[in-house]
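Asker: Supplied in structure tokens, the structure appears directly below.
Now the structure itself:
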């Protein structure tokens, strides 16, 4: 639950994640080639790896990577020194722009899950009174525990549907 709440911290969490991603990718390619810039071919492969990580680690639906021409256009926008490659800072800006929509979508999904689910759980707690067997157990549970259980259940259902 702490990891999910950390994701809601907003801009700082996002910037930290983008810095981690871009540093890992940049370090991998500079170690391989010894250069300080990434070429388009290296960048394209890096984008595929980034989206693979996003799909593995972030909740939500599968996110498809952008097409080659979109990557090339974005690379040209982020290449401030016009040398045909991206250095560490340019790569971070590239990843920020590349993943902007993805992070917004994931954050909205988390907010809906973490705000709406407990509210619905608390609102429906009274309706369980008439259910045989379950009603008495639910009424004995503290409201905070019940809301947490329902929220975790909804999150598990969302995860299973992915």
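In the UniProt record's numbering, the protein residues as written are 1 to 162. Glycine included, C-beta positions come from ideal geometry on N, C-alpha and C.
1) What does residue 49 pair with, by DSSP beta-bridge criteria?
2) Tell me the DSSP secondary structure of residue 7 in three-state form.
3) Buried or exposed, going by whether 16 or more other CB atoms sit within 10 Å of the CB of residue 22?
4) Compare the C-alpha of residue 76 against each of 63, 66 and 90 and name the closest.
5) Please classify residue 131: is it buried, with 16 or more other beta-carbons within 10 angstroms of its beta-carbon, or exposed?
6) Can you tell me which of the three DSSP states residue 1 falls into?
7) Assign residue 38 to one of three DSSP states: helix, strand, or coil.
8) Whose C-beta lies closer than 8 angstroms to the C-beta of residue 47 among residues of the same chain, with five residues either side of it excluded?
9) Nearest to residue 147 by CA position, among 116, 92, 62 and 81, is which residue?
10) For residue 45 versus residue 92, is the C-beta spacing smaller than 8 angstroms?
11) So, for residue 29: in the same chain, excluding its five sequence neighbours on each side, which residues have a beta-carbon less than 6 angstroms away from its beta-carbon?
12) What do you reckon, are the CB atoms on residue 78 and residue 94 nearer than 8 angstroms?
13) Measuring straight from C-alpha to C-alpha, what distance separates residue 129 and residue 123?
14) With DSSP collapsed to three states, give me the class of residue 176.
15) In chain order, what residues of the same chain lie with their CB nearer than 6 angstroms to the CB of residue 56, ignoring the 5 residues before and after it?
Answerer: Quick look at the numbers:
1) DSSP, once it has assigned bridges, lists no residue as partnering residue 49.
2) Because the pLDDT of residue 7 is 47, which lies under 50, any placement of that residue in the model is unreliable, and the number read from its coordinates should be weighed accordingly. Three-state result, residue 7: helix.
3) buried
4) 90
5) exposed
6) The predicted position of residue 1 is uncertain, since its pLDDT is 45 and thus under 50; a value taken from the coordinates is nonetheless stated next. Here residue 1 sits in coil by DSSP.
7) strand
8) 65, 66, 71 and 98
9) 116
10) no
11) 38 and 42
12) yes
13) 12 angstroms
14) Summary: the structure shown does not reach residue 176, with the chain confined to residues 1 through 162, and so no result is reported for it.
15) none
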